[in-house]
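The opening residue of the sequence shown carries number 39 in the numbering used here; numbering runs sequentially from there.
Glycine is no exception: its CB is placed at the ideal position from the N, C-alpha and C atoms.
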Amino acid sequence: MARSTKNSSTLRVTDLKEAWRDLSESPSLRAALGLFVLFVGLLGFIASVSTLGSWTADYSAMELGFSQVVAQRGIEIQNILGSLGAAVGMVVTVRGFGVASLLLWSVVMVYGLKWGLGLPIKAGRWFRRSLLRAVLITSGLALIPWDFGDAMVGDYGRFL
């Protein structure tokens with residue numbers, strides 16, 4: 039006779055489904071998560087805007103790597119949000135979508151508004167359109183022969 043044992047991954051999936059059900063049914067938990075996501079999106083947006091203005095000053099410090107810039111206090115950073123803002127802005131903006139990364143941060147803020155305030159926003163449509171626009175903007179800026187700088191175009195634009 040075989041004993042029936044549940045797999046640990048099955049238990050994790052079940053626990054995850056229960057947690058998601060609790061989150062979707064509880065308006066206070068959903069509002070708290072939404073406001074947290076909105077706050078993260080707003081901080082990311084500010085970090086990316088600050089990186090667009092100060093990426094040349096922070097670029098040499100960012101050569102050390104993400105973890106070293108965040109951990110070391112003696113590094114001179116020009117970003118408004120400090121070393122964490124410079125690291126996030128460098129990864130998302132300079133090594134990501136460039137100026138179009140602001141669209142991606144707006145998607146994070148839209149999800150925060152939808153979950154936190156319960157606004158009737160079609161966030162999936164916003165995400166798809168913003169991602170398409172981000173790809174088109176970065177590849178379009180990379181095709182223009184003027185030198186916009188690495189922060190404006192981003193590495194994805196140069197890759198595409």
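Judged by DSSP in its simplified three-state form, G112 adopts coil rather than helix or strand. Rounded to the nearest angstrom, the gap between the Cα atoms of E56 and S62 is 10 Å. Taking 8 Å as the upper bound for CB-CB distance, V130 and S139 are in contact here, some 5 Å apart. Just so you know, the alpha carbons of G195 and P183 end up roughly 13 Å apart.
Sorting S64, D193, L67 and V148 by C-alpha distance to the C-alpha of F165 places V148 at the top. The continuous alpha helix (DSSP H) containing A70 extends over residues P65 to M100. Looking at D193, R59 and G156, the one whose alpha-carbon comes closest to that of G72 is G156. Within the model, the alpha-carbon separation for V191 versus S177 is close to 8 Å. Per the C-alpha coordinates, the member of G82, G162 and F135 positioned closest to A124 is G82. In the structure shown, G103 adopts coil according to DSSP, grouped into three states. Note on geometry: alpha-carbon atoms of L151 and T48 lie some 33 Å from one another.
A Cβ-Cβ contact shorter than 7 Å links A95 with Q116.
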